[in-house]
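Scroll down for the structure; my scribbles are underneath it.
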Amino acid sequence: MKTKFYYVFLILIGCAFSFACKKMDSTYKQFIVPGGKYYPGRANGARFQAGNKRGRLYWLRNADPKTVKAKIYWNNYADSVEIPISNEKDTISYMFSNLPENFYTFIIKTYDLAGNASVPVEVPGAIYGDAYQERLLPRPLKGALLKTSNKLFTTWEAADVASGAYATEVEYTNNSGQLTTKRVRVNISEFNVDDYKVGTQFRYRTVFLPDSTGIDFFYTPYVSTSELLLDKSEWKMIDFSSQHPGDENKVTNFIDDNAATRWHTNAGSSRYPHHCTIDIGALRSIKKVGIWRMKDDDRAPDKLQFFTSADNINWTDQGVFNFNRKINDQQIFTMTDPSAAKYFKVVGISGPQSYTVLGEITLYIPYH
Numbered sequence: 132m133k134t135k136f137y138y139v140f141l142i143l144i145g146c147a148f149s150f151a152c153k154k155m156d157s158t159y160k161q162f163i164v165p166g167g168k169y170y171p172g173r174a175n176g177a178r179f180q181a182g183n184k185r186g187r188l189y190w191l192r193n194a195d196p197k198t199v200k201a202k203i204y205w206n207n208y209a210d211s212v213e214i215p216i217s218n219e220k221d222t223i224s225y226m227f228s229n230l231p232e233n234f235y236t237f238i239i240k241t242y243d244l245a246g247n248a249s250v251p252v253e254v255p256g257a258i259y260g261d262a263y264q265e266r267l268l269p270r271p272l273k274g275a276l277l278k279t280s281n282k283l284f285t286t287w288e289a290a291d292v293a294s295g296a297y298a299t300e301v302e303y304t305n306n307s308g309q310l311t312t313k314r315v316r317v318n319i320s321e322f323n324v325d326d327y328k329v330g331t332q333f334r335y336r337t338v339f340l341p342d343s344t345g346i347d348f349f350y351t352p353y354v355s356t357s358e359l360l361l362d363k364s365e366w367k368m369i370d371f372s373s374q375h376p377g378d379e380n381k382v383t384n385f386i387d388d389n390a391a392t393r394w395h396t397n398a399g400s401s402r403y404p405h406h407c408t409i410d411i412g413a414l415r416s417i418k419k420v421g422i423w424r425m426k427d428d429d430r431a432p433d434k435l436q437f438f439t440s441a442d443n444i445n446w447t448d449q450g451v452f453n454f455n456r457k458i459n460d461q462q463i464f465t466m467t468d469p470s471a472a473k474y475f476k477v478v479g480i481s482g483p484q485s486y487t488v489l490g491e492i493t494l495y496i497p498y499h
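Counting the sequence shown from 1 gives a position; the numbering used here is that position plus 131.
Structure, rendered in structure tokens:
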């Protein structure tokens, strides 16, 4: 009885296998001629690489030694190109250099000497050009700071990776006076330029690659910077007239890179003028100073005076300036003498109260 069931089981398996083979054969029925026909080896694994007004179609040569040429069709077979196939090359490729910017479906057929054609292979691909270039936007520079070590420290906003943003390029002059380019992938949001020559201008652009296997990069126009900020994280507050009790009133809040915090002089005993002195860590030629009141607080001075010094002994008066204590925006003041200085002093001359409140300070250095 067991033997009988065993034979029945084998018969069922044989029928299932036969049905599967017939189904698979039906897929290629349109290519089969009664009596048999030879089909050259097809372009297996064909790939397309996108480029700027061009593209490359390639595949590995198959093992069929009778294959002598290939035809590539596109635009629903309206256009085509023929390329020879040599047994001496492992890779077959063709570079399109004159196709309009568009998405395409390429169809590849290989042929033998008798004109027999292979099973066709379809490959999707895109040609990029001016329309793609026009919609590319540079990655925004969040900040560029000069450190006391003379390194240029840059921070960046998010890049448009959906459109193919690939890298950020910074073009600058190095310490040897040579124009140099540093390229960094867009997944990095901050980086140093270690050999930056202080006082020289730099510019940047964003590199795009529309396809991960693309053969051409696209570039946004360069964006130039007009001035450079000093890195406040390296500053020290070495002298001040007073500060009100509590961490929220400390003079160091004036250099914490946050205009929503405050330096509040002593409300009970301080009188104008109020001052603070900052050690910026290295000799710098200061072009401009930016001052903020504390956000939404109008108890700032009406007049400010600035001094610079190389040694914290001899001081240069950079002038007296009116300060609008009614606005939150940064207010910029240009220095009268750009001589190199390591110390910067801010003096509040007058205001509505006996004490004063200020939000933030920033220093800018010029390009030579």
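Note that the Cβ used here is the ideal one computed from N, Cα and C, for glycine as well.
All values reported here derive from a predicted model rather than from experimental measurement.
*Using the C-alpha atoms, what's the distance from D342 back to R185?*
In the sequence shown, counting from the first residue as 1, residue 185 sits at position 54. In the sequence shown, counting from the first residue as 1, residue 342 sits at position 211. In a straight line, the C-alpha of R185 is about 13 Å away from that of D342.
*asked:* Quick check: the Cα distance between K328 and K473, rounded to an integer number of angstroms?
replied: Counting from 1 along the sequence shown, the entry for residue 328 is found at position 197. Counting from 1 along the sequence shown, the entry for residue 473 is found at position 342. Roughly 19 Å between the two C-alpha positions.
*Around the C-beta of D468, are 16 or more other C-beta atoms found within 10 angstroms, so that it is buried, or is it exposed?*
Counting from one through the sequence shown, the residue named residue 468 turns up at place 337. D468 should be labelled exposed.
*Rank L268, A201 and V420 by C-alpha distance to the C-alpha of T439 and give the top, closest one.*
Here the question's residue 439 lines up with position 308 in the sequence shown. Comparing Cα-Cα distances from T439 to each of L268, A201 and V420, the minimum goes to V420.
*Measure the CB-CB distance between G176 and D195 and report whether it falls below 7 Å.*
Mapped onto the sequence shown, residue 176 falls at position 45. Mapped onto the sequence shown, residue 195 falls at position 64. Not in contact: G176 and D195 (Cβ atoms no closer than 7 Å).
_Cβ-based burial, G295 [other Cβ within 10 Å; buried from 16]_ = Translated into the one-based positions of the sequence shown, residue 295 becomes position 164. Taking every protein chain shown into account, the CB of G295 has 16 or more other CB atoms within 10 angstroms, so this residue is buried.
*Based on the DSSP output, what are the partners of V329 in its beta bridges?*
Residue 329 sits at position 198 when you count from the first residue of the sequence shown. In DSSP, V329 forms no bridge with anything.
*For I258 versus N233, is the C-beta spacing smaller than 7 Å?*
As a first step, residue 258 must be located in the sequence shown, where it is residue number 127. As a first step, residue 233 must be located in the sequence shown, where it is residue number 102. Yes; because the gap between Cβ atoms is below 7 Å, this pair is in contact.
_Status (buried if at least 16 other CB within 10 Å, exposed otherwise) for L267_ = Counting from 1 along the sequence shown, the entry for residue 267 is found at position 136. By the neighbour-count rule (16 or more Cβ atoms within 10 Å), L267 is buried.
*Classify D243 as buried or exposed, calling it buried when 16 or more other Cβ atoms lie within 10 Å of its own Cβ.*
As a working note, residue 243 is residue 112 in the sequence shown. Taking all protein chains in view, the Cβ of D243 is crowded by 16 or more other Cβ atoms within 10 Å, so the residue is classified as buried.
*What residue does the beta strand (DSSP E) around A262 start on, and which one ends it?*
Translated into the one-based positions of the sequence shown, residue 262 becomes position 131. Counting along the chain, A262 sits inside no beta strand (DSSP E); it lies in the alpha helix (DSSP H) bounded by residues D261 to E265.
*asked:* Suppose you measure from the CA of N207 to the CA of A262; what does that come to, to the nearest Å?
replied: Numbered from 1 along the sequence shown, position 76 holds the residue referred to as residue 207. Numbered from 1 along the sequence shown, position 131 holds the residue referred to as residue 262. About 24 Å.
_Taking the straight line between their C-alpha atoms, what separation do you get for N453 and S372?_
Translated into positions along the sequence shown, residue 453 becomes position 322. Translated into positions along the sequence shown, residue 372 becomes position 241. Cα to Cα, the separation comes out at about 21 Å.
_Residue range of the beta strand (DSSP E) that includes Q180_ = Residue mapping note: residue 180 aligns to position 49 of the sequence shown, counting from 1. R178 to A181 is the span of the beta strand (DSSP E), which, as asked, contains Q180.
*Is there contact between the region 390 to 409 and the region 308 to 315, where contact requires at least three CB pairs shorter than 8 Å?*
In the pairwise beta carbon analysis, the region 390 to 409 is classified as not touching the region 308 to 315: fewer than three pairs are separated by under 8 Å.
_Which of the three DSSP states is assigned to V301 in this structure?_
Position 170 of the sequence shown, counted from the first residue, corresponds to residue 301. Here V301 sits in strand by DSSP.
*Considering only residues of the same chain and omitting the five flanking positions on each side of T344, which have a CB-CB separation below 6 Å?*
Position 213 of the sequence shown, counting from 1, holds the residue named residue 344. Hits under 6 Å: Q180.
_As assigned by DSSP and simplified to three states, the class of N384_ = In the sequence shown, counting from the first residue as 1, residue 384 sits at position 253. Residue state, collapsed to three classes: helix.
*Can you tell me which of the three DSSP states R390 falls into?*
Position 259 of the sequence shown holds residue 390. The sequence shown places Ala at residue 390, rather than the Arg named in the question. DSSP places A390 in the coil class of the three-state scheme, outside both helix and strand.
_Taking the beta carbon of K476 as the centre, do at least 16 other beta carbons fall within 10 Å, making it buried, or is it exposed?_
Reading the sequence shown from its first residue, position 345 is the one you call residue 476. With 16 or more neighbouring CB atoms inside 10 Å of its own CB, K476 falls in the buried class.
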